[in-house]
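Data block below; observations after.
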Amino acid sequence: MEFLPNHSRTFINITAATAADSGVYVCTVEEPKHGKKVEKNISIQVLERGYVYLWPVSGANVSAPLHQTVELKVEVDAVPTPTITWTRNNLSVTEETASIFTSHMTGSRYLSTMTVRQVLMNHTGSYMVTASSDNDLATFIFNLQVTVPPKILSLLTSGGNAMLCVSEGAPPPFITWYTCHSTNRCNNGSGNWRNVSAASETVRLQENITQVTEKGIPQVRSMLMLNTLSSLSAVRCEATNSAGGRARDLRVVSTSLFSQVIILAAVLVLVIVAAVCLIILIVLCRKRPCYAFSWRLIESVSPDGRRVTYLDPDDLPYNSAWEISRDQVSLGQILGSGAFGHVVEATVSNLLPSLSTAKVAVKMLKGGEKVQSLISELKILVHLGPHLNVVNMLGACTKGAPVYLITEFCRHGDLASYLLRNKHIFVQGDDPTRRSITDQDYMDMVTERGDPFVIKPIQELLLASADQQEASSPLLNDSHLLTIYDLISFSFQVCQAMNFLSSKKCVHRDLAARNVLVCDNKLVKICDFSLARDLQKHQDYVQRGNTFMPLKWMSPESIFQNIYSSQSDVWSYGVLLWEIFSLGRCPYPDLQKTQEICSALKRGYRMTQPEHALPHIFELMQQCWEEDPLSRPSFSSLVISLEKIMSDGSRKHYLQLTKAFLEEQNPATARLGEAQQHDDSHTRGSSAVEVKLHRLEVKEAEAGSSHNASTNPAADITAESSNAALDTDRYDATGTNNVHIYCSGVKFRYTSVTFDSKLLVLIFFSVLLLPTFRIESAFFLL
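Numbering (the UniProt record's numbering), first residue to last: 1 to 782.
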């Protein structure tokens, strides 16, 4: 017995144990001083030899659809601990083929799972699992069949009275032919279809020929040869396998003139109906709201502010170095969902060489939405470049569908919701304009130069070093309280971001607290988050035609004259200040109806000072709300005004953060550096890429026009050739001519269908020669 302080341990060793040593062993501890006694027992069973039992969780025959994940599981009961191996066709399963995981369930029970992700056709086969120990061995064999639903590749005539049907699927589909002799239309439920076996006197069937395509999917070709066409109306090819079935019909056209007249009349009726449907569809599509990125790039502004020239974002260059493979992106939960698309939380692997994983936000459109709007947003973000207080782009997936726009992730949501959630913990504090704060009141939040960049959850630069002071920075801090310093900080950071956009000649057009996102340490970033909102149901937007207007945040010239500029953004910034210092209240709380707001603005009405606004802050709001756009301050002057409220230490700290953001290895600046290196390697020794610009000078529109109203000012549109990436062709695959027109920063696309006279003549003579054809496919005819 070995004694420890206040403890004692005792052991019993059984050498050369036999079955006779099996039983219940009891350990008894007595304490004579107090007369206490404790007993513990354990049951031990000594086996003569080890054993292995193995059985599958599911059946032996497993089917898995192509590109899906399949799991093969077995349970093992064995003593001693077994060795479990998986083989395929007598070869060991490698990590490239599948992943194997074995877990200990309880006692002598184990669970082994082999997972094959995105199964391919070559994964079909037998998989054997073997569990072995010193004295026993057990095996089980799974038969995996990768299935592909049948698909009919073609059904057409093959000379004379023969029809050829080509289909593919796994397992190889079985083709069945049907004929229809009814003079009426042969519908699926009409009951007039007969199997070829019942009409063997009129048809002959050639045996199927099975081939394997390059994708590894079996292909079946079957030919049906007709002896006569006198009473035959249509034939059907049906392909079926264990994964499903597919059928396609081929119409057999009679040679009589009466039948041809009926067909011609039907075609004409269908053309008329299709034309009417097309017109209705065009009208509905023009009225249907669609997603449009609110930011616009300004080429020039006239001295009076009433003439604006915009750049077409579709013609901006795009560097393929921003591309990220879809395999690197792992989508998570939806952060926001609107009428046009989603914003999804995601994780990107190997975004940078020094960064294994990074949490990001991914923008994507819903099915049916025009992807060009998201491409325009992508190009504008690339053109602007990174900024500390802008939700920066980190990459994109433009190859395939849907298009992913990958940006920084801001974990605390939008500023409006953040203020409402935390208004109960707001602390007014002292007026910062009446006190002096030394540099020692601020801690250095910048990551040390030698440290690798850490995303928390992404691109959060404000990582405190180990030797930081305990005091928090009034500019940027992670305190759970909300103070007047935080409100000033939010205002200053947004102003810095808007000053950056203004310097890049970019107009936001929807600046509001809902479009400002909050990161860790109360760092804020501006963005356009309308994609993740259902604007039709959102109280902050008013529908006008096929667009939505953030009426309460818009300047008078934007509402009544459809003019957007940096000066109109300054007005919106004043409304944003009111939101911040009212802790998230909706502007114009006493005005709810659209007509009331418009009438009040025409009368010169302005909102009163919010509860928590300092006098100097309210003066800035009033300056932002000047009627004359040229009388409003610029964002650069607003930055200077806000800096006067803060201490020298606060200003110095923000400069340090900005410098660290631009110099440290964070995703936004690092990805920009990779793109620039890629661009330099492709342009060295060659002429610069010519970017075509479509400019349209827009004069003042009529009073009362909408936010995105369809205005057609008389102006010339010039188009120049370009080799910029992701450039939309002037003519699409349908032969339509697309003209891009910009009106006050709002893009309209007019589509006109161009018909070739030779094509019309060809169609006309084809209709005249129709009676000479004996067999035609219905879908070819249409």
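Even glycine gets a Cβ: it sits at the ideal position worked out from N, Cα and C.
As the structure is a computational prediction, the values presented were derived from the model and not from experiment.
Three-state secondary structure assigned by DSSP to residue i
{"i": "A98", "result": "coil"}
{"i": "L144", "result": "strand"}
{"i": "T669", "result": "helix"}
{"i": "I526", "result": "strand"}
{"i": "V273", "result": "helix"}
{"i": "G413", "result": "coil"}
{"i": "M607", "result": "coil"}
{"i": "P149", "result": "strand"}
{"i": "M121", "result": "helix"}
{"i": "H383", "result": "helix"}
{"i": "A16", "result": "coil"}
{"i": "T438", "result": "Confidence in T438 is poor, its pLDDT being 35 and thus under 50, which makes the residue's placement unreliable; the coordinate value appears in the next sentence. Coil, per DSSP."}
{"i": "T60", "result": "Note that residue 60 is Ala in the sequence shown, not Thr. Note: A60 maps to coil in three-state DSSP."}
{"i": "V166", "result": "strand"}
{"i": "S330", "result": "strand"}
{"i": "L461", "result": "Here L461 scores only 35 on pLDDT, less than 50, and its place in the model should not be relied on; the value that follows carries that caveat. Of the three classes helix, strand and coil, the one that applies to L461 here is coil, per DSSP."}
{"i": "Y573", "result": "helix"}
{"i": "Y418", "result": "helix"}
{"i": "C598", "result": "helix"}
{"i": "D315", "result": "helix"}
{"i": "H424", "result": "helix"}
{"i": "N241", "result": "strand"}
{"i": "V46", "result": "coil"}
{"i": "I217", "result": "coil"}
{"i": "V267", "result": "helix"}
Residue i - containing beta strand (DSSP E), residue span
{"i": "V301", "result": "296–301"}
{"i": "Y310", "result": "308–310"}
{"i": "Q543", "result": "542–544"}
{"i": "K73", "result": "70–79"}
{"i": "F174", "result": "174–180"}
{"i": "I559", "result": "Premise fails: I559 lies in the alpha helix (DSSP H), 556–561, not in any beta strand (DSSP E)."}
{"i": "A361", "result": "355–365"}
{"i": "W193", "result": "193–195"}
{"i": "C586", "result": "Neither: C586 is in no beta strand (DSSP E) and is coded neither H nor E."}
{"i": "S349", "result": "341–352"}
{"i": "Y404", "result": "404–408"}
{"i": "E30", "result": "23–31"}
{"i": "C397", "result": "393–397"}
{"i": "R88", "result": "83–88"}
Environment of residue i [buried if 16+ CB atoms lie within 10 Å]
{"i": "residue 784", "result": "Residue 784 cannot be examined here, being either before or after the span of the chain that is shown, 1 to 782."}
{"i": "Y25", "result": "exposed"}
{"i": "S568", "result": "buried"}
{"i": "F661", "result": "buried"}
{"i": "G59", "result": "exposed"}
{"i": "T83", "result": "exposed"}
{"i": "K33", "result": "exposed"}
{"i": "L141", "result": "Looking at the sequence provided, one finds Ile at residue 141 rather than Leu. Classification for I141: exposed."}
{"i": "Q561", "result": "buried"}
{"i": "R109", "result": "exposed"}
{"i": "N13", "result": "exposed"}
{"i": "V38", "result": "exposed"}
{"i": "T15", "result": "exposed"}
{"i": "T754", "result": "With a pLDDT of only 35 at T754, under the threshold of 50, the placement of this residue in the model should not be trusted, and no figure is reported."}
{"i": "R509", "result": "buried"}
{"i": "G400", "result": "exposed"}
{"i": "N521", "result": "buried"}
{"i": "S582", "result": "buried"}
{"i": "D628", "result": "exposed"}
{"i": "Q372", "result": "buried"}
Any C-beta of chain B under 9 Å from that of residue i
{"i": "E96", "result": "Going by chain labels, chain B is absent from the structure shown, which holds only one protein chain."}
Continuous alpha helix (DSSP H) stretch holding residue i: start and end
{"i": "R651", "result": "648–663"}
{"i": "N499", "result": "484–503"}
{"i": "I617", "result": "615–624"}
{"i": "L638", "result": "635–645"}
{"i": "F11", "result": "Premise fails: F11 is in no alpha helix (DSSP H) and is neither H nor E."}
Integer-rounded CB distance, given that residue j should sit under 8 Å from residue i
{"i": "L374", "j": "L405", "result": "6 Å"}
{"i": "V76", "j": "L54", "result": "5 Å"}
Q: Inspect the CB distances between the segment 383–392 and the segment 345–352 and report whether three or more fall short of 8 Å.
A: Verdict: no, contact absent.
Q | Cβ contact check for the segment 387–404 and the segment 490–507: 3 or more pairs under 8 Å | A | Judged by Cβ distances under 8 Å, the segment 387–404 makes contact with the segment 490–507, as three or more pairs qualify.
Q) Are the segment 232–247 and the segment 163–181 touching by the rule of at least three beta carbon pairs closer than 8 Å? A) Between the segment 232–247 and the segment 163–181 there are three or more inter-stretch CB-CB distances shorter than 8 Å, so the stretches are counted as touching.
Q.
Would the segment 122–131 count as touching the segment 82–102 if we require 3 or more Cβ pairs under 8 Å?
A. Touching, yes.
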